[in-house]
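Reading the sequence shown from the start, the letters are residues 47 to 315 in the working numbering. Note that beta-carbon positions come from the ideal geometry of N, C-alpha and C, so glycine has one too. Every value quoted in this text rests on a predicted model; they were computed, and no experiment measured them.
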Amino acid sequence: MVLNDLVIARAEASLVEDGFAVVEGVLDAQEIENLRLEYTALADACCDEVKASNDQDSKKSLGKTLVQRFGCILEPVKGPLSNRLREGAENIGSYRELRRANCRHHDLALSNAICDWLFTKSRSAKENTMLELLQCALGENCFFYNEQYICKPAGFPEGTGFNWHRDSDRAKTRDAFVSCWFALSDNIDAENGGLMFRGYGWKNGDPPQQVSVNAGGMVLIAHDVEHCSIPNFSGEERLAYMVQFSQVPMRNLNDDQDLIAFAVQVPLT
47 MVLNDLVIAR AEASLVEDGF AVVEGVLDAQ EIENLRLEYT ALADACCDEV KASNDQDSKK
107 SLGKTLVQRF GCILEPVKGP LSNRLREGAE NIGSYRELRR ANCRHHDLAL SNAICDWLFT
167 KSRSAKENTM LELLQCALGE NCFFYNEQYI CKPAGFPEGT GFNWHRDSDR AKTRDAFVSC
227 WFALSDNIDA ENGGLMFRGY GWKNGDPPQQ VSVNAGGMVL IAHDVEHCSI PNFSGEERLA
287 YMVQFSQVPM RNLNDDQDLI AFAVQVPLT
């Protein structure tokens, strides 16, 4: 979707001042549909993997499998991947091919459509608002390093929350990065697994800030802002997609030759 300069400027200011920003209307209907379709294909493929394993999880329901086996997170590219494969995907074309070859589902056209959206800044006079905002946040250097779907099935409130954390706590790196979190369900809020923040200006005793996001809306999250994700107390599935970008290739704190994720350079100019 095309958003005006004022909306983008406000989002940039909020990211700098608070460590996060909410921008509604970033995805159009077709982009939302493509991401929902890929999630469904991934969920089906993961359940098939579990059934084929014939272990104790093979007879569980889809919702229970997603929560207990996958921790509510599904990644399109099946891992673990070696450093050689990660380093080989250094540009958009090579990542596109790796994604096609290693994707859990086998819908190549759908994988291509999502890559087109992810990595194309402008097409048919339509600007990619996500990449515009990333340019504001990261400058001209931008590296894609991770994508995942976050699903909170209905009926599992005890297993669908994520405790207070900073994304940098888990990344094992000092490098700056930004997460782009997209709502794929309508009206994600405190009832169905929304996000809460303790922004940069938060002080002990202050209430956290709860954000509500409609389908197609995006939350930009700085690597060092504290946040949590509420359990899904509703009777409906809650679905989001998250893609992450860094200023430099993300490498292990203890070994600068070890990539901890992808390092696909994305042109922003």
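Asked                                                                                                                    : Found
P122 versus Y287, T315, L314, residue with shortest Cα-Cα distance                                                       : Y287
Buried/exposed call for L112, threshold 16 Cβ in 10 Å                                                                    : buried
Where F228 falls: helix, strand or coil (DSSP)                                                                           : strand
Terminal residues of the beta strand (DSSP E) in which A59 lies                                                          : Looking at the DSSP string, A59 is not in any beta strand (DSSP E); the run it does join, the alpha helix (DSSP H), is 51-64.
Which of helix, strand or coil DSSP assigns to K97                                                                       : helix
Separation of G65 from C274, as counted between CA atoms                                                                 : 13 Å
P199, buried or exposed, once every other Cβ within 10 Å from all chains shown has been counted against 16               : buried
Length of the line joining the Cα atoms of S292 and L154                                                                 : 26 Å
Given 8 Å, three or more beta-carbon pairs between the region 250-262 and the region 218-232                             : yes
Range covered by the alpha helix (DSSP H) that runs through L148                                                         : Checking the sequence, you will find Asn at residue 148 rather than Leu. Counting along the chain, the alpha helix (DSSP H) containing N148 begins and ends at 138-148.
Chain B contact for V113 (CB, 8 Å cutoff)                                                                                : The chain inventory of the structure shown lacks chain B, comprising one protein chain alone.
Distance between D74 and L179 (C-alpha atoms, nearest Å)                                                                 : 17 Å
N- and C-terminal bounds of the alpha helix (DSSP H) containing C274                                                     : Note, C274: premise wrong, no alpha helix (DSSP H); beta strand (DSSP E) at 272-275.
Cut-off 7 Å between Cβ atoms - residues of its own chain near S170, not counting five sequence neighbours on either side : Low per-residue confidence applies at S170: pLDDT is 45, beneath 50, and the placement is therefore not dependable, though the value from the model is reported in the following sentence. If we look at S170 and ignore the five residues flanking it on each side, it has no Cβ neighbours.
Helix, strand or coil at E193 according to DSSP, with G and I counted as helix                                           : strand
Limits of the unbroken alpha helix (DSSP H) element including N158                                                       : 154-165
Start and end residues, beta strand (DSSP E) containing A183                                                             : Not the beta strand (DSSP E): A183 falls in the alpha helix (DSSP H), residues 175-184.
Rounded C-alpha distance that separates S60 from F116                                                                    : 33 Å
Candidates D252, G205, G134, A183: closest to I54 by CA position                                                         : A183
According to DSSP, residues forming a beta bridge with M242                                                              : Q256, C274
Identified DSSP bridge partners for V265                                                                                 : V68, W227
Distance between E143 and S157 (C-alpha atoms, nearest Å)                                                                : 10 Å
CB of Y246 within 8 Å of CB of E63, strictly                                                                             : yes
P277 beta carbon less than 8 Å from that of G251                                                                         : no
DSSP state of V113 mapped onto helix, strand, coil                                                                       : helix
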